[in-house]
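Before any comments, here is the structure.
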Amino acid sequence: MSLNGENSQIPHWRKQHVGEHRAPVAFVVFIVIFLQYILPSQLSLPYQKVICLIEAVLLSSLFLLGPTRFSSHHLRSRVIGMLLTSIMTLSNTGSAVKLIDRLVNGGLTNASQLLWSGGSIWLTNIVIFSLWYWDLDRGGPGARAQGLKEVPDFLFPQMSDEKYAAPGWHPTFFDYVYVSITNASAFSPTDAMPLTKWAKALMLTQSLTSLLIVGLVIARAVNILQ
1 MSLNGENSQI PHWRKQHVGE HRAPVAFVVF IVIFLQYILP SQLSLPYQKV
51 ICLIEAVLLS SLFLLGPTRF SSHHLRSRVI GMLLTSIMTL SNTGSAVKLI
101 DRLVNGGLTN ASQLLWSGGS IWLTNIVIFS LWYWDLDRGG PGARAQGLKE
151 VPDFLFPQMS DEKYAAPGWH PTFFDYVYVS ITNASAFSPT DAMPLTKWAK
201 ALMLTQSLTS LLIVGLVIAR AVNILQ
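Each residue of the sequence shown is one higher than the one before, counting from 1 in my numbering.
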């Protein structure tokens with residue numbers, strides 16, 4: 001079989017393509033760092049400002065040490081990126097635990113501050129899970145650009161039928177943000193379907209966390225306003 005014949009058998013979403021630019025992802029991560037920086041001290045981890053500084057340094061290093069686009073599997077950039085996402089995850093988890101503790105025990109009595117803090121943690125949670133989906137699906141953006149992995153972890157509608165996909169379509173960071181938003185608000189997948197155990201476990205964790213935060217924040221806010 002010729003090389004052209006082999007390429008024609010590859011699904012459109014698996015073909016090699018120019019990788020995504022780092023700028024949109026970096027901008028969203030910067031917003032997360034800013035939201036964590038301005039959280040009230042009663043919901044922040046000890047040395048929260050130092051943690052945010054470390055996150056900012058890691059984010060900057062991705063631009064200085066890594067390529068502009070995710071066009072190949074760049075191990076150093078991938079390690080730094082996953083370390084950054086892990087730190088943001090731990091920081092936001094700590095803030096969510098503190099928020100839930102104060103909601104249950106009545107530690108927050110200002111409705112506006114409660115809604116702002118709860119919304120900030122909820123939004124940060126959405127971004128963090130979208131980063132995990134984007135960075136783990138089929139080995140990450142660089143591996144996806146090279147078409148290294150045959151089996152997807154998330155099945156997007158455009159992957160099931162090529163007629164629904166624009167020419168040259170490949171899942172980008174925005175697609176994973178949308179998956180995260182719909183999973184957090186509808187508490188179930190509404191666009192891409194998780195196919196692997198880790199994808200299902202992450203989506204389940206996000207749904208339960210989102211349901212807990214939203215339910216407690218709204219209930220407490222209504223109680224305060226009454």
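Built from N, CA and C at the ideal position, the CB exists for glycine as well.
CB-CB under 7 Å to I100, same chain, minus the five flanking residues each way: which ones, in chain order?
Cβ contact annotation for I100 (same chain, cutoff 7 Å, sequence separation greater than five): L212, L216, in chain order.
If distances are taken between C-alpha atoms only, which option among P141, Q206, A184 comes closest to A72?
According to the sequence shown, residue 72 is Ser rather than Ala. Ranked by Cα distance from S72, the options P141, Q206, A184 are led by P141.
Going residue by residue through the segment 155-194, where are the continuous alpha helix (DSSP H) segments of at least 4 residues, counting only ones entirely within it?
DSSP assignment within the segment 155-194 yields the following whole alpha helix (DSSP H) runs of 4 residues or more, N-terminal first: 157-160, 173-186.
Host alpha helix (DSSP H) of Y133 (start-end)
Under the DSSP assignment, Y133 falls in the alpha helix (DSSP H) whose first and last residues are 111-136.
E55 - containing alpha helix (DSSP H), residue span:
That run of the alpha helix (DSSP H) goes 48-65.
Report back the beta-carbon spacing between L39 and S120 to the nearest angstrom; my notes put them in contact at under 8 Å.
Taking C-beta atoms under 8 Å as the contact rule, L39 and S120 qualify, at a distance of about 6 Å.
Exposed or buried, what is Q42 when buried is set at 16 or more other beta-carbons lying within 10 Å of its beta-carbon?
Exposed.
Are I181 and I126 closer than 9 Å when you measure CB to CB?
In this structure, I181 places its C-beta atom within 9 Å of the C-beta atom of I126.
Just tell me which of R144, D161, V151 has its CA closest to the CA of T172.
Residue R144 is the option with its Cα nearest to T172.
Residue nearest to V79 in terms of C-alpha spacing, selected from D161, D135, P152:
For the residues D161, D135, P152, the minimum Cα distance to V79 belongs to D135.
Return the residue from the list T93, L90, N110 that minimises the CA-CA distance to A221.
For the set T93, L90, N110, the Cα lying nearest the Cα of A221 is the one of N110.
Where H12 sits in the DSSP three-state scheme:
Secondary structure of H12 (DSSP, three-state): helix.
Who are the Cβ neighbours of E55 in its own chain at under 7 Å, not counting the five residues just before and after it?
Hits under 7 Å: I33, L84, I87, M88.
Measuring alpha carbon to alpha carbon, tell me which of W13, L58, A186 ends up nearest G81.
Of the listed residues, the one whose Cα sits closest to G81 is L58.
If G139 sits next to H17, beta carbons under 8 Å apart, how far is it from one beta carbon to the other, in whole angstroms?
Wrong, their Cβ atoms sit about 15 Å apart, outside the cutoff.
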